[in-house]
Structures are given as C-alpha cells and as structure tokens.
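The structure appears below as structure tokens.
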Amino acid sequence: MNDNMNDNILEIRDLVVEYRTDEAIIHAVNGVNLVVKRGETLGLVGETGAGKTTIAKSILRILPTPPSKICGGEIVFDGEDLMQKSESAMRKIRGEKIAMIFQDPMTALNPIERIGAQISEAIAQHNKIKRYEAENRASDMLEMVGIPMERYNEYPHQFSGGMKQRVVIAMALACNPTLLIADEPTTALDVTIQAQVLEIMQSLKERLGTSVIMITHDLGVVANCCSSVAVIYAGEIVEYGSAVQVFDFPTHPYTIGLFGSLPKLNSTEPRLKPITGLMPDPANLPTGCSFYERCPDAKEQCSGSKPAMVEIEAGHFVKCFRDGGGE
Amino acid sequence: MIPIILGITLVVAIFIQIAPGDPARIKIGNEATEEEYQALRDEMGLDDPFFVRYFRFLGNALRGDFGKSFYNSRPVMAEIFQRFRYTIVIALLSVTLAVLVGVPLGIFAATHQYTIMDNAAIALALVCVSMPSFFFALLMIRFFALTLGILPPSGITTWQGWILPTLSLALGFAATITRQMRSNMLEVIRQDYITTARSKGLSEFKIRYKHALKNAIIPIIMIVGGIFGMALGGAMIAEIIFSVPGLGQYTLGGLTGRDYPIVQGSTFFMSVIFSVIMLLIDLGFAFIDPRIRSQFARRRKRERVS
Ligand SMILES: Nc1ncnc2c1ncn2[C@@H]1O[C@H](COP(=O)(O)OP(=O)(O)OP(=O)(O)O)[C@@H](O)[C@H]1O
Ligand SMILES: [Mg+2]
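Chains as they are written, first to last, in numbering that gives the first Met the number 0: chain P, 0 to 326; chain U, 0 to 305.
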C-alpha cells in the first residue's frame, strides 16, 4: 500500500467539477479517476470542451470561483489530499511542487511586466534568496529555453507567440517542479517550433525527473512523448492505459474514432474521417453513456445507464458496455 | 493640439460675430452722439471684417497679448493669470481628491463583489454620477454653511473657503472613477495572466496589487485626463456659485458685458491649458504602458532613419 503511494505522484479520485452560471449548471468534470506515476508523462487527450483544462486547474485549485465549484473527489499529491489543504499551504505547492504551462501563451503573460521579472518572481516566491540570485536563475532559465538573456528586460508584446510559449515554459520550470501540467503547450505554435518546444520539455524532464501531465488534442504529440494515455470525453475518462495499449489496441469506440481521425502517412484513404456529431452539451448531459449519440456501436442498453470502468487487461481500462461495463 | 486650439477660437469668434448685443453701445451709453458712438466702434475695431478681427486676435494672442478689457482697460492676460490660480487650484484639488477616494473605493468594491459593501458603494456612486455638481454645491451650502454653520458659504478668505467648491466638484468625479476602477479591476482579475500569477504561488496581495492593479489603473489615467478637463469647466461654475474670484466669474462677466477680449482671451487660454494636459496624459500613458512606449520608440527610430 505504502509502496503504491510512493509510486504515484498524483492520484485523482472521483473528481467532480461544475461551473454554475446564471443560465445553467455546466457539468465539466464528472467523476474522473487518474493516476500519474513518478517520472512518467501522462497524455490527456480529448476534443475541445471535454474538461481537460478544468481538471488541470482543479489540481492547482486555481479555478475561477465563482462560477466554478469542485463538488467532490480527492486529489492526492505526494500522499497528501490537496482538497484538504489550506489556501496558504496550497500557495507553497503552486509553482514550487506543481507548475502549469497554460494553453494560450498570448494571454498567459502579464502585458506590462518584464518577462524576466515574471520568471524571477516565481523563483523569489519559493526560495529565500537574494534578488539578484533570483534574477540570475531567471536568466539561466531563459537561456535554457533558447531565449538570449539580453531579452530579460523586454515585455511580452516584443516576443513572438512561440517565444512567449517558451517564456511560459521557463516560468513553469523555474522552481524545478515535481509535477508539470502542460496544457496544450504546442497548439498555439507552428510545426517547427512545436518540435523545438517538445524537445526542450523532454530534455528538462530527463534532467530533473519531473512527472508530466501532457494535455493535448494532438495524438502525434502523445505518441512522441507519453508513456500512458487517458482519453477524456464529456468530463469522463473513457479509456486509460499505457501508450502502447491505447495506441495499438484502442478499445473504446471514441478512442477508435479519434485514431481514425488521425491522418496516416501511408493511408490509402483520401481524407481523414472526423467523428460525426458533436459532444453533448455539458449543461445537459444524457443519463446514459455520453458517447451514445455518436457511437457507431450503440445498443439500447447504452442510452439507459452509464457503463462502468473495466480493466480489460492489466493497466488498460475502458468504460463501455461492449467490453463488459455492465457487470 | 494646434488644430484644436484653432477650432475652438474660430467657433468662439463666430459666436461673438452672431451674438446679439453691442459692446460699444454698452460702454458709451444712450446719451452719446452718433459720431462719438461711431468713433468708439472704430477704435474697438468692431466694424472690421470677420477674418481681419479673427486673425488680429490670433496674431496678438500668439504674442501673448489678449488685448484690454473694453470697460476697465486692464490687460486681459494679466487678469487671467491672476484669476486662473483659483480655478486651477479648485480643479486640481477636486481631481486629486476624486482619485484618492475613487481608486481605493473601486478596488474595495471589486474585491468585495456581491457583498453589501460593494452594493452600497455602487449605489452611492450611481447617485453621485447622476447628479450635477451645482446641485451638490447647493446641498452643501445648505447643510454645512447654513445648518451647521461650520464652513463659509462663499468667498475664499480662509482655507476653509476651498472646501465646499472642491468637495462639490470632487463627488461626481470620485463616483465616476470608483465605477470605472471597479469594472476594470473585475475585468483584469478574470484575465489569464492573473491565473498564471496565481499558479506561481503568489499571495493574493501580490496578485491584486502588483499584477491586477497596475493593469486596471492604466485606463483610469486616460479618464483622469478627461475628468481634469471637466474639472476646469466645473470649477468655473463652482466659482460662480461660491463667489470665488476665479476665471469662471471673469469669463461670465465678460460674456454678459459683451467684453469680447475677455471671452476670447479666456477661451483661448483654457483651450491651450486643456491641450497641454491632454498631451501630458498621453506622455504619462506612454511612460506607464510598455506597449505604447515601444510604439513611440519605433516611430522615433523610423523618423531618424528617413
Ligand atoms: N469559466 C467558465 N465558466 C463557465 N463554463 C466554463 C468555464 N470554463 C470552462 N467552462 C466549460 O467547461 C467545459 C470544459 O472546459 P475546459 O476548458 O476544461 O475544456 P478543455 O478540454 O480544456 O477544452 P480545450 O481543448 O478547448 O481547451 C466546457 O464546456 C466549457 O464551456
Ligand atoms: Mg483547455
């Protein structure tokens, strides 16, 4: 038991998050279970609005409240439930133990603060060191992500999108976090810079032994750098397993659909096949399986109740009646 | 800046041209003979064509000469400088007070959103922006001067004399700033970079006063510029209500007496002051907002190259 605790840097159990607006209650995350092992990279994939960013922000407890509300669940980080922590205890974890790279580099930086200061601020917050030492370390971080330290005193608008993303990465890595949450770190970038950014993250990960949650739409990114994969649909994990298991034996109809929509280089099919239909409105989720409407294999049973998560082989979980989710 | 001043002076000159009333007749009275009257009109230059008069005024004004009052022959420029001190002090005091009250109150309301205190502050601010300042002036005279008798109702003989004119102006401005500051703050707090700051583990205090406040206050600077313009106008009205011998009274006297040099001189003067303030605000903006600062820098570089 204790061993198990130490193997997993993060365990999310039955996390439920809602956004309560005047018009509706949006069920963004509905009972998510996730495990991140020490030193591994977990890929979290799913289409837009599936709840990926919401999960990430719940871990750091930086969701905007109101409208958001964490309705239940545990988030156990390094053996401690973050939900039970006081706000000041959380502040010590944010940035120092768990850091996050945000989805949109264009808006993630304060437009009127020098980028160097925005990095050194995180360092100074968590280390009792002199100001110039924090600044030196911030310059080093900049160099590490390939930005010359002469640009320390420039403002975000003087940087390109790709460089801003690297600044955000430098900021997240400044305190050598134990867990890094990268929310679509490459979506805003063009392909060449994407590769560069992934490479930077990979090399840092190897050097520092950081565990990573890699949130992305891009299955190519998952294939390149993740050891396990969780597929999320309408706020639920529908398939979870090692990268090999999920890539080579995709089992949930949604995962199969996702992989079908990935263009293959040697494919004979003329164009990629997107999954038809839309994700159900999270303000108005069906009582049955949330993939029912779009599922090519839907049975009567699927609209009536939700399937349970089943372990179809060691470490490979699927949430579908077809694979025994009814028992 | 120069087109603005030209435009304002031109409009004033046109109004003077079409306004009824005859300063020569006012000065000389009804007893004078037709020759005497005509001689005075010539001396005052009233019969010259419109553009001759306009450019004569402009030429003199640029050399710092606004002419002399029709009636007491005192140079208008000197009089304006002497009286403007009152106006500018009232305007400055009221804007400073409004900023000192409005900015913290707006922050307070924003950080206590949905509480009774926030609602109270917002309701009060709404009342204060909707009421004209002369109304406050009258209420205050009634309350502080007549009922309580602790402040003078008019004139500036002691320092207490400044209080009511300043307060009556400041109230509305403070309310405007409070409302703007609150909504800026609420807007900024929702931005992604605030979430980023929070994810670094910064304290709520630092997030609020280092990251949010600076961003929220930049638009306020622009607004304060506009408010200062209004404060100058408002001060002139307050002077009339509180019998302060400032520029407002002077201009009003000039208007009712058809004393054109006074009217033209003080509007010219005010438009110059106003333009200078706007320029200073723009420069202040550039100083605070790095995005605008680098725009300036780029333009300068381009000018140097070409
Ligand atoms: N502040 C908010 N207020 C109300 N609803 C929100 C808010 N933030 C997110 N949501 C809703 O919660 C759901 C999940 O959003 P989330 O941002 O977690 O999706 P995501 O998986 O990160 O999507 P993407 O890939 O586009 O980033 C969506 O339906 C979204 O509309
Ligand atoms: Mg997202």
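Backbone N, C-alpha and C define an ideal beta-carbon position, used for all residues, glycine too. All values derive from a computational prediction rather than experimental measurement.
Of the residues the options, the one placed nearest residue i, counting alpha carbons only
i, options, result
"P:I231", "P:Q157, P:A55, P:K84, P:K36", "P:A55"
"U:V98", "U:M235, U:G225, U:S242", "U:G225"
"P:P147", "P:I122, P:G115, P:Q124", "P:G115"
"U:S215", "U:I115, U:I261, U:A109, U:F135", "It should be pointed out that residue 215 of chain U corresponds to Ala in this sequence rather than to Ser. The option with the nearest alpha carbon to U:A215 is U:A109."
"P:N223", "P:A233, P:T254, P:T185", "P:T185"
"P:F76", "P:F316, P:I118, P:A88", "P:A88"
"P:S302", "P:E312, P:S289, P:V309", "P:S289"
"P:K36", "P:F320, P:S227, P:M278, P:P281", "P:S227"
"P:E120", "U:L231, U:I291, U:T195", "U:T195"
"U:T177", "U:K26, U:M0, U:L125, U:P289", "U:L125"
"U:S383", "U:R290, U:G253, U:K213", "Because chain U is modelled from 0 through 305, residue 383 of chain U falls outside the range shown and cannot be assessed."
"U:V88", "U:T175, U:A234, U:S132", "U:A234"
"P:T250", "P:N32, P:D296, P:V220, P:D13", "P:D296"
"P:I212", "P:P66, P:Y291, P:A98", "P:A98"
"U:V187", "U:K213, U:P103, U:F135", "U:K213"
"P:A229", "P:A49, P:V16, P:E17, P:A133", "P:A49"
"P:E73", "P:N32, P:K96, P:A107", "P:N32"
"U:I1", "U:F80, U:A296, U:V275, U:R298", "U:V275"
"P:C294", "P:Y253, P:Y151, P:I311", "P:Y253"
"U:L5", "U:P48, U:R24, U:F54, U:R40", "U:F54"
"P:P281", "P:H26, P:D21, P:R12", "P:H26"
"P:A313", "P:T275, P:V245, P:R321, P:L197", "P:V245"
"P:L141", "P:G78, P:Y18, P:A173", "P:A173"
Cα-Cα separation, residue i to residue j
i, j, result
"P:S241", "P:L62", "29 Å"
"U:Q248", "U:A77", "15 Å"
"P:I168", "P:G38", "18 Å"
"P:L41", "P:C225", "6 Å"
"U:T37", "U:C127", "Note on residue identity: the sequence assigns Gln, not Thr, to residue 37 of chain U. Cα to Cα, U:Q37 sits roughly 53 Å from U:C127."
"U:A60", "U:G264", "8 Å"
"U:F267", "U:T86", "15 Å"
"P:L179", "P:I100", "8 Å"
"P:I128", "P:R136", "11 Å"
"P:Q164", "U:S270", "47 Å"
"P:M0", "P:N7", "Any answer about P:M0 is weak, because its pLDDT of 42 lies below 50 and its placement is not dependable; what the coordinates show is given next. Rounded to the nearest angstrom, the two C-alpha atoms are 11 Å apart."
"P:M308", "P:C319", "7 Å"
"U:L168", "U:A174", "11 Å"
"P:K68", "P:M82", "12 Å"
"P:E292", "P:I58", "31 Å"
"U:E30", "U:G20", "17 Å"
"P:F258", "P:V221", "12 Å"
"P:T177", "P:L14", "21 Å"
"U:F341", "U:P164", "Because chain U spans 0 through 305 in this model, residue 341 of chain U falls outside it and cannot be assessed."
"P:H216", "P:E310", "24 Å"
"U:F65", "U:V51", "15 Å"
"P:F316", "P:Y239", "5 Å"
"P:G287", "P:T20", "24 Å"
Cβ-based neighbour list, residue i, same chain, cut-off 8 Å, excluding 5 preceding and 5 following
i, result
"U:P22", "M43, L45, F69, G256, R257, D258, Y259"
"P:D2", "Confidence is the limiting factor: at P:D2 the pLDDT is only 47, short of 50, which leaves the residue's position unreliable and the question unanswerable from this model."
"U:W161", "V88, I89, L92, I155"
"U:I7", "T266, F267, S270"
"P:T52", "Q102, D182, I214"
"P:E299", "none"
"U:L185", "A109, Q112"
"U:G63", "M76"
6 Å CB neighbourhood of residue i in its chain, flanking five on each side removed
i, result
"U:R384", "The question about residue 384 of chain U has no answer, for chain U in this structure spans 0 to 305."
"P:L207", "N175"
"P:V144", "R165, I168, A169, I199"
"P:S266", "Legend: pLDDT at P:S266 = 49, less than 50; position of this residue unreliable, value from coordinates given subsequently. Closer than 6 Å at the Cβ level, and outside the excluded window around P:S266, lies no residue."
Cβ neighbours of residue i in the same chain (closer than 7 Å, five flanking residues each side left out)
i, result
"P:G160", "P104, M105, A187, L188"
"P:E10", "V34, V75"
"U:A285", "I291, R292, F295"
"U:M25", "Strictly speaking, residue 25 of chain U in this sequence is Ile, with Met absent from that position. G256, R257, listed in sequence order."
"U:V11", "V262, Q263, T266"
Run the Cβ filter for me: residues under 7 Å from any heavy atom of ligand 2, listed in the order they occur in the chain. P:K51, P:T52, P:Q102, P:D182, P:E183, P:I214
Complete beta strand (DSSP E) runs within the segment 148–203 of chain U (minimum length 3 residues, chain order): none
Which whole runs of the beta strand (DSSP E) in the segment 120–208 of chain P are 3 residues long or more, in chain order? 178–182
Runs of alpha helix (DSSP H) wholly within the segment 110–146 of chain U (minimum 4 residues, chain order): 115–129, 132–139
Please specify which runs of the alpha helix (DSSP H), each continuous and at least 4 residues long, are wholly inside the segment 7–64 of chain P, giving them in chain order. 51–59
Every unbroken beta strand (DSSP E) inside the segment 68–95 of chain U [3 residues or more]: none
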